[in-house]
Structure formats: C-alpha cells, structure tokens
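Here the structure is laid out as structure tokens; the discussion comes afterwards.
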Amino acid sequence: MSHSALDSGKAAAGSTTAAHPEPDGPTPSTPIRKRRRSFLPYGLIAPAAILELLIHIGPMLLGVWIAFISLTQLNLTNWLNAPFVGLQNFINGLNPESTIGQAFFSTVGRTLLYTILVVGFSWVLGMAGAVFLSSNFKGRALLRTFFLVPYALPAYVGTIAWAFMFNQRDGAVNQILVDTLHLFGDHRPFWLLGENSFGAMVVVNVWQLWPFAFLMLMAALQNVPNDVYEAAAIDGATLWQQFRTITLPMVRPANGVLLMVMSLWTFNQFNIPFVLFGATSPKEATLISPLIYQNSFGSWNFGLGGAMSVLLLIALFIASVFYIRMVLPKGADND
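In this note's numbering, the protein residues as written are 1 to 335.
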C-alpha cells in the first residue's frame with residue numbers, strides 16, 4: 001500500500017472523528033444541572049409570591065368574604081360564625097332611597113370630581129416643569145431637586161404641615177390670601193370646614209402628586225431627540241406647535257401609564273383626608289375610601305364596608321381594563 005493511500009485513510013479517519021467526537025467521559029450530572037436550572041426561576045420568585053399572597057391576595061379574599069356576611073360589633077369576636085346574608089350588604093349600599101345608598105352615590109361622584117381635578121392639575125404642573133427643565137440653563141439641577149421635595153417628603157409630614165397652615169385662622173394660608181393679597185377682605189375662612197374643605201384637600205393632593213408626574217414626564221422627554229425640535233424651529237414652528245406636534249406624541253406611551261397610575265392612587269386616596277380631617281371627614285370632602293372606613297370602623301358594620309370595597313374593586317378593575325385596551329396599545333404603537 002502506498003504512502004498516499006495511508007495518508008488518505010488517516011485523513012478519512014480524522015474527519016470521521018471530528019464529525020463524531022467521542023465523549024470525554026460519562027456526564028450523569030447534566031440532567032441534574034438542567035433540573036436545578038429549571039427550578040431556579042421559581043425559587044427566586046417564590047419569596048415575592050408568598051409575600052404577595054400573605055399581604056395582598058389573602059386580605060383581599062377575606063374582604064370579599066366579609067362582604068357576604070353580617071359582621072358587626074356584636075359578633076366580631078366570633079367572626080368565623082357570622083351569619084351569611086348573601087347580597088344584602090350590596091343591596092343596602094346600592095339602594096338610592098336609603099341614607100347609606102345616597103351617601104355612597106354622592107361620594108362616588110365627589111371622588112370622581114376629586115380625581116379629575118387632582119390628576120389634571122398634577123399633570124399640567126408636571127408637564128410644565130418637565131418641558132421647562134428639559135432645556136439647558138444654569139441652575140437646572142437645583143430646580144430639579146427643589147421640584148422633587150414634596151415627593152421626597154413623607155406623605156404624613158407634608159399633610160400635617162398643610163393641616164397647620166389651613167387649620168388656624170391666622171395660619172400661613174390666611175396670612176397670604178387675606179393679609180397680603182387681600183382676596184377675602186376682612187373675612188378669614190376656615191379651610192378645613194364646610195365647602196372649603198374639598199378645595200383644601202385638592203390643593204394638598206396636587207402638591208404631593210405633581211412631582212411624581214414631573215419625574216415621569218422628565219424621564220420620557222429625555223428620549224425625544226433635540227434634532228426634531230431644531231428641524232421644527234427651522235421650519236418656523238412655534239413653541240406651542242412644537243409641544244403639540246412633537247412633545248405630546250413622543251411622550252404619549254408614558255402619559256398613558258402615568259395617568260392610569262395617578263388616577264388609581266387618587267381615587268383610592270385615604271391618607272390625606274384622614275390626616276387633614278381625622279376619622280370623620282366633612283360631608284363636602286368625604287371620599288369613597290374614608291366612607292368605607294367610617295362604615296366599617298365608625299358604624300362597626302364591616303359587612304357593609306366590605307361590600308363597598310368589593311364594589312370599588314370591581315369598578316376600578318373594569319375601568320383599568322377598559323383604559324389599558326383603549327389607550328395603552330395606541331400609545332405603544334408610537335414607541
């Protein structure tokens with residue numbers, strides 16, 4: 001046999017070995033490693049899922065069950081054996097001829113108005129601040145920090161400070177509006193009583209919420225290229241035209257999420273009225289969450305309070321689903 005034939009045989013054997021390499025040795029641990037890797041994501045998610053179940057899902061399901069039983073101060077200590085009343089709590093809460101039903105529907109309407117005013121003013125202030133600080137000028141970083149102070153402060157601290165300014169006839173609010181600006185003559189209003197309480201509550205919530213809108217919109221504006229504004233300015237577009245045709249469409253996805261989050265927060269607002277007015281809010285400033293609290297812990301009718309909570313949950317869920325289906329996909333198309 002010639003040397004060329006031997007070389008050809010060796011080359012063929014080498015190519016066969018390269019195509020089908022022999023294993024270095026047995027790998028029994030490979031399935032075990034794959035199994036460990038498959039369980040790793042579930043192990044990482046398990047602590048958060050357990051905490052979510054204990055903190056949110058469990059109490060929510062318990063609240064739904066309470067809505068179908070007659071739970072009052074008479075059987076609170078033995079609540080597991082409270083009588084089942086079916087839909088009676090819902091009927092009492094939705095009966096427009098009863099005092100409870102009238103209070104519920106009027107409170108829902110007031111809460112809707114409150115949400116529209118707070119979210120609207122917060123968005124306008126947040127957008128104005130974000131557009132103003134999107135340009136480069138000296139002192140911009142200091143203004144950004146200053147604008148975020150209300151959001152950085154604890155909610156209770158800021159609300160208590162506003163309560164002191166509103167509560168006293170000689171407080172800071174009346175000193176500015178009456179003594180300095182002379183808007184009310186010699187009359188010094190009580191801001192936390194009667195019809196004025198609703199406006200005071202709106203002011204406090206806007207003061208706390210608008211920095212969040214500013215922060216989210218400021219982050220969204222960072223993704224808008226300056227070249228677009230420069231091209232529009234060269235074409236003769238005014239600042240308002242640039243805002244309407246460039247800024248708003250470019251931040252529309254962020255706006256969709258921002259408005260939904262702020263609306264849910266505001267509609268469920270409890271901390272601000274509770275700190276401003278105490279356990280019982282004035283009639284003109286009663287929102288849906290404080291009303292549920294008053295029926296549950298003021299009147300000791302936990303079944304009625306649970307029914308109102310379930311109705312609120314259903315309404316917000318339907319509104320959120322409708323908003324996500326109608327608004328967010330349109331905004332997502334503009335990414």
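The beta-carbon is built from N, C-alpha and C at its ideal position, and this holds for glycine as well.
Under the three-state DSSP convention, the category Phe270 falls into:
Three-state result, Phe270: coil.
Does the segment 72-92 come into contact with the segment 173-192, if we say contact requires no fewer than three beta-carbon pairs (one atom in each stretch) closer than 8 Å?
no
Return helix, strand or coil for Asn75, following the three-state DSSP convention.
coil
Identify the residues that DSSP records as bridge partners of Ile69: which are they?
Answer is Phe84, bridged to Ile69.
For a test of the three-state rule: what should DSSP assign to Asn136, helix, strand or coil?
coil
Can we say the segment 124-135 touches the segment 294-301, given the rule of at least three CB pairs closer than 8 Å?
no
Backbone CA spacing between Arg378 and Phe317 [nearest angstrom]:
Residue 378 lies beyond the range of the chain shown here (1 to 335); nothing can be said about it.
For Asn196, three-class secondary structure by DSSP:
helix
Where does Tyr156 land, buried or exposed, given buried means 16+ other C-beta within 10 angstroms?
Answer is exposed; the Cβ neighbour count stays below 16.
Mind checking Leu311: buried by the 16 CB within 10 Å criterion, or exposed?
It is buried - the Cβ of Leu311 has at least 16 other Cβ atoms within 10 Å.
Assign Ser135 to buried or exposed, taking buried as 16 or more other Cβ atoms, counted over all protein chains shown, within 10 Å of its Cβ.
exposed
Find out if the Cβ-Cβ distance for the pair Thr159, Leu276 is shorter than 8 Å.
Taking 8 Å as the Cβ cut-off, Thr159 and Leu276 qualify as a contacting pair.
Whether or not the segment 235-245 and the segment 113-121 are in contact is what I'm after, with contact meaning three or more pairs of Cβ atoms, one per stretch, closer than 8 Å; do they touch?
Counting Cβ pairs under 8 Å, fewer than three are found: no touch.
Between which two residues does the alpha helix (DSSP H) harbouring Asp227 extend?
Asn226 to Ile234
Exposed or buried, what is Ser102 when buried is set at 16 or more other beta-carbons lying within 10 Å of its beta-carbon?
Sequence inspection shows Gln at residue 102; the Ser mentioned does not correspond to that position. By the neighbour-count rule (16 or more Cβ atoms within 10 Å), Gln102 is not buried but exposed.
Which runs of the alpha helix (DSSP H) spanning at least 4 residues fall entirely within the segment 116-172, listed in chain order?
Here the runs fully enclosed are 140-147, 149-152 and 155-167.
Determine the burial state of Gly129: buried for a count of at least 16 other Cβ atoms within 10 Å of its Cβ, exposed for fewer.
buried
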